[in-house]
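Undergrad: There's a structure below that I have some questions on.
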Amino acid sequence: MSSFSAYELENGLWKSLREVYLQSELDIDQAKVDMSSFLIQLEKLKNESPQAYLDLLKQDRVTHYSEHIDSLRNQLISFSMALELFYMQAWSKDSNQVKQSKLYQLKQALKGRTEIGPSDFQEVFRKELNAIDCNQSFYQFAVMMVMFNLNPFNAEADVMSAITPQESDVSTKDILSITLDHRDSLFCNGRPVSRENLLITARNHLKEKESKAILIILYDPESTYSYYMALFEDLKNVNEKLRNDMAMALYNKSFKTLSAVEQDQIRKIYPFIVSEIEKTED
-1 MSSFSAYELE NGLWKSLREV YLQSELDIDQ AKVDMSSFLI QLEKLKNESP
49 QAYLDLLKQD RVTHYSEHID SLRNQLISFS MALELFYMQA WSKDSNQVKQ
99 SKLYQLKQAL KGRTEIGPSD FQEVFRKELN AIDCNQSFYQ FAVMMVMFNL
149 NPFNAEADVM SAITPQESDV STKDILSITL DHRDSLFCNG RPVSRENLLI
199 TARNHLKEKE SKAILIILYD PESTYSYYMA LFEDLKNVNE KLRNDMAMAL
249 YNKSFKTLSA VEQDQIRKIY PFIVSEIEKT ED
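Quick note: the sequence shown uses our numbering, first residue -1, plus one each step.
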């Protein structure tokens, strides 16, 4: 039996992508090798020991990840192509222009983080490529690659990306609307709110609605990305605190020390469902 799990393999993709994204030198060929190495391991296990592969996917920790394994290769192809195009475009520009872009700011903000997921890259290609004046066809291609091939589940950051509420059958009572304008001012359900009070409101909403709770973040493209990321992390931490409180109440343990099965039970109660929408001109 292999020493790695499907969960670790999926995490490995995001960790590899993070290293590629944060690397200081352009080495796309090596990046592709690094990103694909663990997928090759998985394919080898699948071919040499089908039963071991199936047993691997049946483990409690990875059962709900197994359906995503087959899509990883397509994600890898899409990411590697988009990254290659991005580096070719970005590094051909004046370095000062790149450093002034929001993309560069995001890169700096990601330094030191232990995880990076699909939503991070989605934001990169959706919002930031215009900052380096890439041509329109390249921009459209990169966005297409991300939008049509990204899995909405970020295994490492443990966030579920929600379908836009108007496209799904949900109650408006389950939705907490958060708006970040171009001045980095916050609004909750249309009313001005401080960051501290917003987090209190978000906690109460998540605690009351539990698995039905949805957070919608409507952000202005001119808002500060570092502020947006910090706000998102604060909201995620609120949800993690609720998980930890429930873990203590049910098992007298912290959430991180629970078994995989116990953690999954609590995640179902507090899944942290977020829909991020870029504000457009009326």
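C-beta atoms are modelled at their ideal positions from N, C-alpha and C, and glycine is treated no differently.
Computed from a predicted structure; not experimentally measured.
Is the distance from the Cβ of M244 to the Cβ of I212 below 8 angstroms?
TA: Position 246 of the sequence shown, counted from the first residue, corresponds to residue 244. Position 214 of the sequence shown, counted from the first residue, corresponds to residue 212. It is not a contact, given that the beta carbons lie outside the stated cut-off.
Undergrad: What beta strand (DSSP E) runs, 3 residues minimum, are completely inside the region 165 to 204?
TA: 173 to 178 and 184 to 186
Undergrad: Considering Cα atoms alone, identify which of D179, L184 and K207 is closest to K266.
TA: Mapped onto the sequence shown, residue 266 falls at position 268. Answer by Cα proximity: K207.
Undergrad: Any chance the region 169 to 182 sits against the region 213 to 231, with 3 or more Cβ pairs inside 8 angstroms?
TA: yes
Undergrad: Measuring only the C-alpha atoms, how far is D167 from E46?
TA: In the sequence shown, counting from the first residue as 1, residue 167 sits at position 169. In the sequence shown, counting from the first residue as 1, residue 46 sits at position 48. In this prediction, D167 has a pLDDT of 46, which is less than 50 and means its spatial position is unreliable; what the coordinates show is noted afterwards. The alpha-carbon atoms of D167 and E46 are separated by roughly 44 angstroms.
Undergrad: Assuming the contact rule is C-beta atoms closer than 8 angstroms, I205 and D172 should be a hit. Round their C-beta distance to whole Å, please.
TA: Residue mapping note: residue 205 aligns to position 207 of the sequence shown, counting from 1. Residue mapping note: residue 172 aligns to position 174 of the sequence shown, counting from 1. Note that residue 205 is Lys in the sequence shown, not Ile. The Cβ separation is near 13 angstroms, so there is no contact.
Undergrad: Considering only the beta carbon of each residue, do F253 and Q261 sit closer than 8 angstroms?
TA: By 1-based counting over the sequence shown, the position of residue 253 is 255. By 1-based counting over the sequence shown, the position of residue 261 is 263. In this structure, F253 lies near Q261, with their beta-carbon atoms less than 8 angstroms apart.
Undergrad: For N195 and L216, I'd like the C-alpha separation in whole angstroms.
TA: By one-based count along the sequence shown, residue 195 stands at place 197. By one-based count along the sequence shown, residue 216 stands at place 218. Each residue's alpha carbon lies about 18 angstroms from the other.
Undergrad: Using the C-alpha atoms, what's the distance from N202 back to T170?
TA: Within the sequence shown, residue 170 is the residue found at index 172, counting from 1. Within the sequence shown, residue 202 is the residue found at index 204, counting from 1. Spanning the two alpha carbons is a distance of roughly 16 angstroms.
Undergrad: Counting C-beta neighbours from all protein chains within 10 Å, is the total for V259 16 or more, i.e. buried, or is it exposed?
TA: As a first step, residue 259 must be located in the sequence shown, where it is residue number 261. With fewer than 16 other Cβ atoms within 10 Å, it is exposed.
Undergrad: Please check the pair P219 and E276, which I expect to be a contact at CB under 8 angstroms, by giving their CB distance rounded to whole angstroms.
TA: The residue given as residue 219 occupies position 221 in the sequence shown. The residue given as residue 276 occupies position 278 in the sequence shown. That belief holds up - the Cβ atoms of P219 and E276 are roughly 6 angstroms apart, short of 8 angstroms.
Undergrad: Give me the Cα-Cα distance between L240 and L233, rounded to the nearest whole angstrom.
TA: Here residue 240 refers to the residue found at position 242 of the sequence shown. Here residue 233 refers to the residue found at position 235 of the sequence shown. Between L240 and L233, the alpha-carbon positions lie close to 11 angstroms from each other.
Undergrad: Starting from the C-beta of V191, find all residues in its chain whose C-beta is less than 6 angstroms away, skip the five residues before and the five after it, and write them out in chain order.
TA: Residue mapping note: residue 191 aligns to position 193 of the sequence shown, counting from 1. Result list for V191: L184, in chain order.
Undergrad: Output yes or no for whether 8 angstroms exceeds the beta carbon distance between V236 and L174.
TA: Working through the sequence shown from its first residue, we reach residue 236 at position 238. Working through the sequence shown from its first residue, we reach residue 174 at position 176. Contact flag unset, no.
Undergrad: What number of angstroms, rounded off, separates the C-alpha of E231 from the C-alpha of E238?
TA: Taking the first residue of the sequence shown as position 1, residue 231 is located at position 233. Taking the first residue of the sequence shown as position 1, residue 238 is located at position 240. In a straight line, the C-alpha of E231 is about 10 angstroms away from that of E238.
Undergrad: Return helix, strand or coil for Y217, following the three-state DSSP convention.
TA: Residue numbering aside, residue 217 sits at position 219 when the sequence shown is read from its first letter. In the three-state reduction of the DSSP assignment, Y217 falls in the strand class.
Undergrad: Let me make sure I understand the geometry here. Which of A200, Y268, R189 and N187 has the alpha-carbon closest to that of L229?
TA: Reading the sequence shown from its first residue, position 231 is the one you call residue 229. It is A200 whose Cα lies nearest to the Cα of L229.
Undergrad: Buried or exposed: which applies to S221, given that a residue is buried once 16 or more other Cβ atoms fall within 10 Å of its Cβ?
TA: For the purposes of this step, residue 221 is taken as the residue at position 223 of the sequence shown. So S221 counts as buried.
Undergrad: Quick one: what's S273 bridged to in DSSP?
TA: Your numbering for residue 273 matches position 275 in the sequence shown. Per DSSP, I214.
Undergrad: Taking only three categories from DSSP, how would you classify Y268?
TA: Here residue 268 corresponds to residue number 270 of the sequence shown, with the count starting at 1. Correct three-state label for Y268: coil.
Undergrad: Report the rounded CA-to-CA distance for V272 versus A247, giving the unit in angstroms.
TA: Here residue 272 refers to the residue found at position 274 of the sequence shown. Here residue 247 refers to the residue found at position 249 of the sequence shown. Looking at the two C-alpha atoms, the distance is approximately 26 angstroms.
Undergrad: Which two residues bound the contiguous alpha helix (DSSP H) that contains P234?
TA: Counting from 1 along the sequence shown, the entry for residue 234 is found at position 236. One point to set straight first is that residue 234 is Lys, not Pro, in the sequence displayed. First-last of the alpha helix (DSSP H) with K234: Y223 to Y249.
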